[in-house]
Structure formats: C-alpha cells, structure tokens
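**Student:** For what it's worth, the working numbering labels the leading residue of the sequence shown as 356, then goes sequentially.
Please find one structure pasted underneath; my questions will follow.
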Amino acid sequence: MKILVCDPIAPKGIELLRARPEFRVEVLSRRHTEDELLPLVADAVALVVRSETKVTRRVIEAAKALRVVGRAGVGVDNVDVEAATQHGVVVMNTPGGNTISTAELTWAMLLALARKLPQAHASMVAGEWDRKKFSGIELAGKKLGILGLGRVGSEVAKRALAFGMEVIGYDPFLADTRVKALGIRLANEVDEVYRNADFITVHMPVTELTRGMLNASAFARMKPGVRLVNCARGEIIVEQDLLAALDSGQVAGAALDVYATEPLPADHPFRKHPALILTPHLGASTKEAQDKCGVEVAEVITSYLLTGEVRNAVNLPYLDAKTYEQVKPYLVLGEKLGRLLGQLAPEQVDRLYITYGGRARELPNVDPITRAVLMGFLSRTGMEAINPVNVRSIAATLGVTVEEKRSSEPVTYNEWLHVQVFQGDQKVISAGGTFFGSPQNPRIVRLYSMPVEIPVSGHILLLTNRDRPGMVGHIGTLMGRHGVNIASMNLHRDEAGGRALTVLHLDNAPPPSVLEELQRDPDISNVRLVHL
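As structure tokens, then:
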C-alpha cells in the first residue's frame, strides 16, 4: 500500500511507516501544487500532511485508492473533510501532540513578561547596562486568570500552582468537578477574571462569542497594569484596542504568539511597540511536539490500514456496514437532541443521562448514538477539534459525564431516545425524540417534560406565555409584520388560563428586535431561538 508523505514530518514517524512490510512509503521533497499532486496520489492509499499541502476535492477524486488522510497536527483546514467523507476517506489528526509545548511556551511568555527578558537582552546586545530600567515583578502571590481550561489551559493551571500563583479560571463549559480536580477557583463571569487577575492568558477557540472578546471594553474592565499572553488564536484580540491599552498603561505588557493575520505584516505596529513580546506562532514548534505528532500520525494510519481501528477521526467513526445502517437514523436524531439541549441548558452541567427505549434498546451498538448526542451538545463550545472519536474525552475534560440506559419500561413510541441534563443531582432540562412513520422522519416529541412536535432542522422559536385568548394571533401577526413565515406551531398548557409552552418552526430566523419585543411582553417569558 502506497503511503505518500506530502509535508515534512518527524523522521521517527517515517521510520515507523517504513518498518511495516505492507507499506511503500514515498516522501515528497517539496510542497506540490494541486495540479502536481494529481498524478502522484492516483495510487496512494494514505496521505500524510501537515498544514502546507492542500488536500482538495480534486485531489481526493484523483486518489481512487485513497482510504485515509493523516494530519500531523490539530487543524484540518487544508483538507476538504466533506469531500473525504463523501468518498469514504477517513480524516485523522493528532490533537494532543502540541499540548505540553504550547503550555510551556505560555509559561516562557509569562516569565519573559514578568522580568522583561527580551528587552533586557536587546539592551545588553546594544552595549548597555541598565538594571533599573528592567526591574520586574515576581509571579509568586500574583493572580493568574486563565480564559479557557481545555487541554492547554489545564496544563498551564497545573504549573501556576507550582509557582505559588492563585489561579482564577473562566470556562463557561467546565463542570465544577473538573475545577476541583485542578485545584483552582472558577469565575462565574469573565469580569471576575478581568477585575482580579495580574496576568491573563488565553486558551479559547475562535467562535462567534470569543472573536474580538479582548477589546477596548474588556481592557478597560481589567485590573490596571495587567499583563496579557495569547498563544491561542489571534482573532480573539482586537489588535488596535490592545495597542491603545498598552499606550495608556492600562495593559502593562503583552506577549503574543498568534495574530489576526499571519505572517505578521512587516510594517505592523506590534513590531515596534516596546511593551510587546512577539514570537512567530511557535506553540507547536518543539522537537518533542513534532516527534509526537509525527509518531502519532504514523500510528493512527497504521492501525487503520492494518486493523480497521479508527482513532482521532474528524469525520465518521468506523462501523461495520450492517450496524451502521441500523444506527444511522439515530445518529441524526441524537445529534439534533444534543444540539437543542446544548442551546437551552445552562452553561455549566455535570451529567447527561441518555435512555434508549422501545426498539432502540435492541440496537447492537449505541455508542455511536451517544457520541452523536455529545457532538450536538458540545457544539455550543465552539471547539474546532471535536469529532465522534474524541468527543467522550473532551466531555470528560470539561467535567461532563455520560450515563446510558437501555430501558425495558413501556413507552408511547416504537423507538425512543431521551436525554436528560443534570447539574449535580438536579435535572435542569430534558428532551426526547422518535421517528414518525419512517427512520427518515425524526421528530423531537418531548421537551421540559411536555409533549411537543419539533422538526429536527431549521429555526425553532420557544417561549413561555400566559394562556389567554388572542395570544396565537398576536405572535403570528408580529412574525408576519417582520416577514417571518411560520412553518408549524404547537402549544402545550398546564391548565386553562395557566402557562403554556409555545413552539414555532420558522422558515427564516427573526431579527433580534422581534425577540426583544416578545420578551418585553408581560405575558411572555423565556424567549429562546434555537438553530437546528
């Protein structure tokens, strides 16, 4: 089997592949364009890439024998995952390879900021000897704010305790049990970190919520003289606002490894600011990280090609054809149930309890369905690296446990999938689903312990209202006035004149002003728009 190594990886990884007599390993000596790759991949069973080679749809279509693409690193932006999935090609990455390297770079940045090491070095090279100019501060006894407590953030937290620092973490998706295991304090609001932290380090993915979150408003709410480190994603910081905060002294210094535009332009004002420490995206640039990624990508490709085992897949987990056909409808239903609950549940949860009832309890393998539920639920975190293979470990990292039960209790429906979300021992929300007529027609039929009928696609508006005459007309008129068409609508009330749960399936998303107008109505509350 031909394995084509398109980008440089650690020699140890190549040695592992070449040690297998089943493989014929070819290593490209330079980066190739798409057109140059087409004839080279024609008989390749596996491609090994880093970030340079683009595995496009044309490349995948030209690689008739291709079974797996291995990415030595985390991101797969250079791989057309959708095209790979359509052609039955598994795409794998190595998400854990650079965790320690990035955490250690963060600490190098923190120490350099505290003691002004790069500036002092430049002064010495220039022939100066100015000890007063480079007086620093100790880390011991200071408060370190960590934004994001995933793999890297957790490793940074562990090391902070050894330096005698008090750690204040902020991660809206981290459970209390995980915080206790780390031995740190978790902030309920990000402003708690801003007000108290002497140093702040960023370890969050780029999402709609985090893009540009460190802006002028955030800097103004921070403790005066705070020092900032970003080894995560450049887009999280509004660069002009950071420059202004540095010039004013509100931010005493910053150390950056990532930027909104990379490579950083030669004339970028960051390059000339004396309070900045800059590195060219070195988070994974250690021998050990590259060795780990090279070895890991060789191992996952070998396991898949020789045994069928799939690890770190970013598209679909391996299932035999028969089992896959049985669970396939439930994968869609489970993912949609998880996505619905993820948008309605509070940020911090501890446990998901998944019940398989009716014919669902007879399925030979429910693990892929559980993973689909988790994928939908954790999509709210915005993490890029979540896939069906690693989703259980990511949930565990966030302190979210999962329990499954095959229930023999009688149910109303032939197939029944029910998901409950808990904070501690308290259930905070639940939803259940089934199929109407055929497995191709999934429906969510229970929410907040009330009967509903919710399609598993499009825009869903949920609200609680007082059961009074004219309410349905009032809502419909409001939607019509703003050009929002209602595809379907159903209501459930506890009693006549009491409270009712109203669910609208909409053809298009209403503007925020509509949601605000609904929320202002004294007879309406808990207005939530969910995207499925």
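Each residue gets a CB set at the ideal place from its N, CA and C atoms; glycine is no exception.
Note that the coordinates shown come from a computational prediction; the quantities given were computed from them, not determined experimentally.
In this structure, does DSSP put residue 768 in helix, strand or coil?
**Tutor:** If DSSP states are grouped into helix, strand and coil, residue 768 belongs with coil.
**Student:** What does the Cβ neighbour count give for residue 886, buried or exposed, with the cut at 16 atoms within 10 Å?
**Tutor:** Under this definition residue 886 is an exposed residue.
**Student:** Who does residue 781 pair with in a DSSP beta bridge?
**Tutor:** Bridge partners of residue 781: 778.
**Student:** Specify, as a first and last residue, the run of the beta strand (DSSP E) that residue 806 falls within.
**Tutor:** 805-810 is the extent of the beta strand (DSSP E) around residue 806.
**Student:** Would you say residue 630 lies against chain D (beta-carbon separation less than 8 Å)?
**Tutor:** No chain D is present in this structure, which holds just one protein chain.
**Student:** When DSSP labels each residue in this structure, what does residue 588 get in the three-state scheme?
**Tutor:** Coil, per DSSP.
**Student:** Have a look at 715, 768, 626, 784 and flag the residue whose alpha-carbon is nearest the alpha-carbon of residue 775.
**Tutor:** Out of 715, 768, 626, 784, 784 has the C-alpha closest to the C-alpha of residue 775.
**Student:** Determine which residues share a DSSP beta bridge with residue 554 and list them.
**Tutor:** 499, 582, per the DSSP bridge assignment.
**Student:** On the premise that residue 697 lies in contact with residue 735, defined as a C-beta separation below 8 Å, what is that separation, rounded to the nearest angstrom?
**Tutor:** Contact holds; Cβ gap of about 4 Å.
**Student:** What does a CB cutoff of less than 8 Å around residue 704 pick up in its chain, not counting 5 residues either side in sequence?
**Tutor:** The residues are 530, 755, 776, 777, 778, 783.
**Student:** Quick check: residue 862 and residue 820, are their CB atoms within less than 8 Å of each other?
**Tutor:** Going by C-beta atoms, residue 862 is not nearer than 8 Å to residue 820.
**Student:** Out of curiosity, what's the CA-to-CA distance linking residue 571 and residue 449?
**Tutor:** Residue 571 and residue 449: Cα-Cα distance of roughly 36 Å.
**Student:** Please report the straight-line C-alpha distance between residue 617 and residue 386, rounded to a whole angstrom.
**Tutor:** Rounded to the nearest angstrom, the two C-alpha atoms are 19 Å apart.
**Student:** Identify the continuous beta strand (DSSP E) that holds residue 446 and give its terminal residues.
**Tutor:** Unbroken beta strand (DSSP E) run through residue 446: 445-447.
**Student:** Under 8 Å, with one C-beta from each stretch per pair, do the region 392-403 and the region 621-632 reach the 3-pair mark?
**Tutor:** The region 392-403 vs the region 621-632: no contact.
**Student:** Roughly how far, in whole angstroms, is the beta-carbon of residue 403 from the beta-carbon of residue 670, given that I think they are within contact range, below 8 Å?
**Tutor:** So it is not a contact: roughly 17 Å between Cβ atoms.
**Student:** So, at 6 Å on beta carbons, what are the nonlocal neighbours of residue 582 in its own chain, with the 5 sequence-adjacent residues on each side left out?
**Tutor:** So the qualifying residues of the chain are 468, 554, 607, 608.
**Student:** Note down the Cα distance separating residue 853 from residue 873, rounded to an integer number of angstroms.
**Tutor:** Rounded to whole angstroms, residue 853 to residue 873 spans 18 Å at the Cα level.
**Student:** How long is the line joining the alpha carbons of residue 501 and residue 603, rounded to whole angstroms?
**Tutor:** So the two alpha carbons sit approximately 23 Å from each other.
**Student:** Could you name the residues that DSSP lists as bridge partners for residue 860?
**Tutor:** BP columns for residue 860 point to 815, 843.
**Student:** Determine the DSSP secondary structure at residue 724, reduced to helix, strand or coil.
**Tutor:** Of the three classes helix, strand and coil, the one that applies to residue 724 here is helix, per DSSP.
**Student:** Under a three-way DSSP split, which group does residue 632 fall into?
**Tutor:** Here residue 632 sits in strand by DSSP.
**Student:** Pick helix, strand or coil for residue 357, following the three-state DSSP scheme.
**Tutor:** Note: residue 357 maps to strand in three-state DSSP.
**Student:** Name, in chain order, the residues that DSSP records as bridge partners for residue 608.
**Tutor:** Note: residue 608 sits in a beta bridge opposite 582.
**Student:** Would you kindly work out how many angstroms separate the C-alpha atoms of residue 575 and residue 527, rounded to a whole number?
**Tutor:** Going from the Cα of residue 575 to the Cα of residue 527 covers about 22 Å.
**Student:** Looking at the unbroken alpha helix (DSSP H) that takes in residue 387, where does it start and where does it end?
**Tutor:** From DSSP, residue 387 is part of no alpha helix (DSSP H); its letter is neither H nor E.
**Student:** Measuring only the C-alpha atoms, how far is residue 833 from residue 866?
**Tutor:** Looking at the two C-alpha atoms, the distance is approximately 12 Å.
**Student:** In the structure shown, what three-state DSSP assignment does residue 871 receive?
**Tutor:** If DSSP states are grouped into helix, strand and coil, residue 871 belongs with the helices.
**Student:** How would you call residue 577, buried or exposed, if buried means at least 16 neighbouring beta carbons within 10 angstroms?
**Tutor:** The residue is buried, with at least 16 neighbouring Cβ atoms inside 10 Å.
**Student:** Under 8 Å between the Cβ atoms of residue 591 and residue 551?
**Tutor:** Not a contact, by the Cβ cut-off of 8 Å.
**Student:** Starting from the Cα of residue 716, find the closest Cα among 685, 691, 701 and give me that residue.
**Tutor:** It is 685.
**Student:** Keeping to the same chain, check which residues put their C-beta closer than 6 Å to that of residue 401; ignore five residues upstream and five downstream.
**Tutor:** Same-chain partners within the cutoff: 358, 423, 656.
**Student:** Give the single residue among 761, 650, 723 whose Cα lies nearest to the Cα of residue 369.
**Tutor:** Residue 369 has its Cα closest to that of 650, out of 761, 650, 723.
**Student:** May I ask you to list the residues that DSSP assigns as paired with residue 399?
**Tutor:** The partner list for residue 399 (beta bridge, DSSP) reads 357.
**Student:** Which same chain residues, not among the five before or five after residue 447, have their C-beta less than 8 Å away from its C-beta?
**Tutor:** Contacts found: 423, 424, 425, 426, 652, 655, 656, 659, 665, 666, 667, 668, 669.
**Student:** Determine the extent of the alpha helix (DSSP H) in which residue 659 is found, giving its start and end residues.
**Tutor:** Note, residue 659: alpha helix (DSSP H), 642-662.
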